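Visitor: Handing you a structure now.
In the working numbering, the protein residues as written are 56 to 113.
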């Protein structure tokens, strides 16, 4: 299974970014400067939380 877009988040700058999560290997990516790897997440909700934390100061 490939990564799937699971939502969008706004960074501190006000720009909006897509969040992708691969359910099979649990990788999380954010569409910041291409697709930036954020880390691993065991659920889509955790993936969104990790992406939000990643974008907080961007």
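Each residue gets a CB set at the ideal place from its N, CA and C atoms; glycine is no exception. Note that the structure is predicted; figures quoted are calculated from it, not measured.
(1) Would you say residue 74 and residue 81 are within 8 angstroms of each other, going by their C-beta atoms?
(2) Drop a sphere of 10 angstroms on the beta-carbon of residue 102, count the other beta-carbons inside from all chains shown, and report buried for 16 or more, exposed for fewer.
(3) For residue 97 versus residue 77, is the C-beta spacing smaller than 8 angstroms?
(4) Using the beta-carbon count (16 or more within 10 Å), is residue 85 buried or exposed?
(5) What would DSSP say about residue 65, mapped onto helix, strand or coil?
Guide: Looking at the coordinates:
(1) Start at 1 with the first residue of the chain shown, and residue 74 comes out as number 19. Start at 1 with the first residue of the chain shown, and residue 81 comes out as number 26. No, Cβ-Cβ distance for residue 74 and residue 81 is not below 8 angstroms.
(2) One-based indexing of the chain shown puts residue 102 at position 47. Its Cβ being crowded by 16 or more others within 10 Å, residue 102 is buried.
(3) In the chain shown, counting from the first residue as 1, residue 97 sits at position 42. In the chain shown, counting from the first residue as 1, residue 77 sits at position 22. Taking 8 angstroms as the Cβ cut-off, residue 97 and residue 77 do not qualify as a contacting pair.
(4) Along the chain shown, read from residue 1 onward, the residue named residue 85 stands at position 30. By the neighbour-count rule (16 or more Cβ atoms within 10 Å), residue 85 is buried.
(5) Locating residue 65 in the chain shown gives position 10, counting from the first residue. In this structure, residue 65 counts as strand in the three-state DSSP scheme.
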